[in-house]
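Inspection log for the structure reproduced underneath, given as structure tokens.
Residue numbers (the numbering used here), protein chains in the order written: chain R, 1 to 306; chain W, 307 to 813.
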């Protein structure tokens, strides 16, 4: 009570009494607070005039500030201030900063680009950015691919060839890998024989007698595997058929199987069902020629191309 | 109608203006020396020339666009950020160490707030005069004299603040060029913004807010009190001696020692025995005071008048005291003039002051905390010196590419890939060679770059790959990658690098 009494002695009231003795304390806001509030009001007014603020009709009041940038075609564009224009300005500024490098890449031969340390640094950073944006969804961030779906770009095996020109051709025009379904043509026994033969080519545990039968079948007109994979089973780069004699597997998930039977079974399922999913889109219309060139060198360096 | 019952209490205390009296003495001399030294370094250092091949000839240049700090012969790159960490650690530990020994020495003598406030008070003193003149000027109404003097003071403050900000900025670019650009309106916007902010903040902090920065704003002053121990030396008023049994008392004019001293001084030239007699006059007067139960403090109030934070040290150790020692100087001056012994206000420890038989104050360092701080200080300083002394002419980083960790090649070989980044920290172009040991010759493939030439201050990137047969890969977990600057085999450095293979990954 004494505290209350003390307060009533020191604090002003609004000066009005209700019901005889009911009074209201008058505790004004601190002066610094009030002035800060005025400052924020002024700030808001300044902000409204400079930046977009109010909706108006179908659009909005743009404010006085503008963003001007030069786009890649050399045209000067001006927008009223907004974050999208800000992004465009940033992107175009970056594109203009990169342009000398891209121009240099366009003017140089592949061999020259690969040997120039400055260009090499640019390829590693710009190529990585391009790869991450466009290629990584399928081929993965490091280019390692996914067995059964997307080729590994970091190994030394190239379905269509690993020279600069071939990689460039692949990126520009895309690819479509195809293998017919053999379950309709061959008996399960024959498919098993073929699978054992393919396993034997890469030194995987197999049944020798079945492999021998598979060998005959492989080179026969019945299965006609050699049409595409070649008589030596090393594949033909002109049509992108796989080399069956190496340790690299794209479609049959051999590395994941732990037993020899499992590995043969993985091969068997690919022969039986065939393939129609090896589709890589063409990038000619989506990326500029310089970008494709940078990507070509980058991919070439990923796997130590040929 | 009823209005306010009582005057409303303010929520905020208004600043009570402080007009410090100037004083002479040991601590004033020390403070002035530190001030001159610090100002000489801060204001002149950016103008010191230093010849360099590839950079502006400025001894200390924080080259932000070039991402390097040039400090005399030393070039610091972002990779050396650990030096900054060490420096900050050393600075912190030094503060703790010194505070534990002699209290807030940083606050009193070295803090830039103290230095700039001191300088601003000096300007004020030169224009407006000594304390009584300044108090008079403050109280008198605005007229031509007040306008000129106060306006002149503030103008000089703004000028000093501006040059403080300007000096800060010229550490970041070639000084003569930046000053020229600045005044012709061609400098970067960042320069103008920084100078404006520093001008305003220096003017506000050293001219207007002064001790309020120490009292209300600064966290260091507050947390330094945590490092005080009973043995810590601090500015103390010897209350036992000063107050006596019946408290302090002024010396009445026309009586006692003042008269006696005047008499002694007027009798020049004095004989040796007369001089001794005059000296003993002080002792006699003191004995007289002690008989009456009075303390040695003559309550002249000079210690309060000289205090830059406006406190009375006789109230005891307090958080507002920045321990600048000016009250010691003031009190000693008065004690001397009365012929009383010095040191009524002095650097002493709480422990010693409370002791029944106080000894002469001394620095007590034989404490666990102090020794611990000291050891950390020496260790970290030695490490920083070692790290700077043995710095290489280049930086290297070997990163294994982890996507994928390894690649199985068509013949079954395992390949790992690495990115080698070399930063040339020397002043000229340098070629680096990369080789490997612990793996068969030919296993390391560097593509087109068996060696790489890098410009000073730049980085070069080399892709390396290592290819091992499966049997060998299984047993190889690490190998050494050797980077040799061409022509400097002594600076070759090797890096232990990991090698991954499928078998290992399943372990």
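Note that CB positions come from ideal geometry on N, CA and C, so glycine has one too.
- As summarised for the segment 231-279 of chain R, the continuous alpha helix (DSSP H) elements at least 4 residues long and confined to that stretch are 260-273, given in chain order.
- Minimum Cα-Cα distance from residue 293 of chain R among the listed residues R:243, R:127, R:223, R:190 corresponds to R:127.
- In the structure shown, residue 545 of chain W adopts helical secondary structure according to DSSP, grouped into three states.
- Between residue 806 of chain W and residue 715 of chain W, the CB-CB gap reaches or exceeds 8 Å.
- DSSP places residue 158 of chain R outside both helix and strand once states are collapsed to three, so it counts as coil.
- Close to chain R, meaning a Cβ-Cβ distance shorter than 8 Å, are the following residues of the segment 770-792 of chain W: 771.
- When C-beta atoms of the segment 267-279 of chain R are compared with those of the segment 173-181 of chain R, three or more pairs fall below 8 Å, so the two segments count as touching.
- C-alpha of residue 742 of chain W to C-alpha of residue 248 of chain R: approximately 27 Å in a straight line.
- Counting only runs of 4 or more residues that sit fully inside the segment 651-708 of chain W, the alpha helix (DSSP H) segments are 656-660, 674-695, in chain order.
- Per DSSP, residue 69 of chain R is one residue of the beta strand (DSSP E) stretching across 66-70.
- One alpha carbon belongs to residue 183 of chain R, the other to residue 275 of chain R, and they sit about 12 Å apart.
- Under the Cβ criterion of 8 Å, residue 24 of chain R is not counted among the residues facing chain W.
- Using a CB distance below 8 Å, no part of the segment 499-514 of chain W faces chain R.
- The beta carbons of residue 601 of chain W and residue 550 of chain W sit closer together than 8 Å.
- The segment 409-426 of chain W and the segment 326-341 of chain W touch, with no fewer than 3 CB-CB distances between them shorter than 8 Å.
- Contact between residue 699 of chain W and residue 732 of chain W is confirmed by a C-beta separation of about 4 Å, below the 8 Å threshold.
- Residue environment analysis places residue 144 of chain R among the buried positions, since at least 16 neighbouring C-beta atoms fall within 10 angstroms of its C-beta.
- Per DSSP, the continuous beta strand (DSSP E) segment holding residue 730 of chain W begins and ends at 720-730.
- Interface flag for residue 166 of chain R against chain W is unset, since no Cβ pair is found closer than 8 Å.
- Nearest CB-CB separation between residue 602 of chain W and chain R: not below the 8 Å threshold.
- In chain order, 505, 508, 509 place their CB closer than 6 Å to the CB of residue 467 of chain W, counting only its own chain and leaving out the 5 sequence neighbours on each side.
- Taking 9 Å as the Cβ-Cβ cut-off, the segment 458-488 of chain W has no residue approaching chain R.
- With fewer than 16 other CB atoms across the displayed protein chains lying within 10 angstroms of its CB, residue 90 of chain R is exposed.
- Secondary structure of residue 23 of chain R (DSSP, three-state): strand.
- By the Cβ rule, the segment 256-265 of chain R does not count as touching the segment 154-161 of chain R, because fewer than three pairs are nearer than 8 Å.
- The segment 622-633 of chain W and the segment 529-541 of chain W touch, with no fewer than 3 CB-CB distances between them shorter than 8 Å.
- Bounds of the alpha helix (DSSP H) holding residue 418 of chain W are 418-434.
- Non-local C-beta neighbours of residue 296 of chain R in its own chain, meaning closer than 8 Å and more than five positions away in sequence, comprise 110, 164, 167, 168, 171, ordered along the chain.
- Taking a contact as a CB-CB distance under 8 Å, the pair residue 725 of chain W and residue 707 of chain W counts as one, their CB atoms being some 6 Å apart.
- In this structure, DSSP gives residue 540 of chain W an extended state, which the three-state scheme calls strand.
- Under the 8 Å criterion on CB atoms, residue 717 of chain W is classed as interfacial with respect to chain R.
- For the C-beta of residue 124 of chain R, the chain W residues within less than 9 Å are, from N- to C-terminus, 725, 767, 769.
- In this structure the segment 519-526 of chain W does not lie against the segment 490-501 of chain W, because fewer than three pairs of beta carbons, one per stretch, are closer than 8 Å.
- Proximity of residue 755 of chain W to chain R, defined by a Cβ-Cβ separation below 8 Å, is satisfied.
- It is roughly 25 Å from the alpha-carbon of residue 784 of chain W to the alpha-carbon of residue 152 of chain R.
- Chain-ordered, the chain W residues with CB closer than 9 Å to the CB of residue 246 of chain R read 715, 716, 717, 718.
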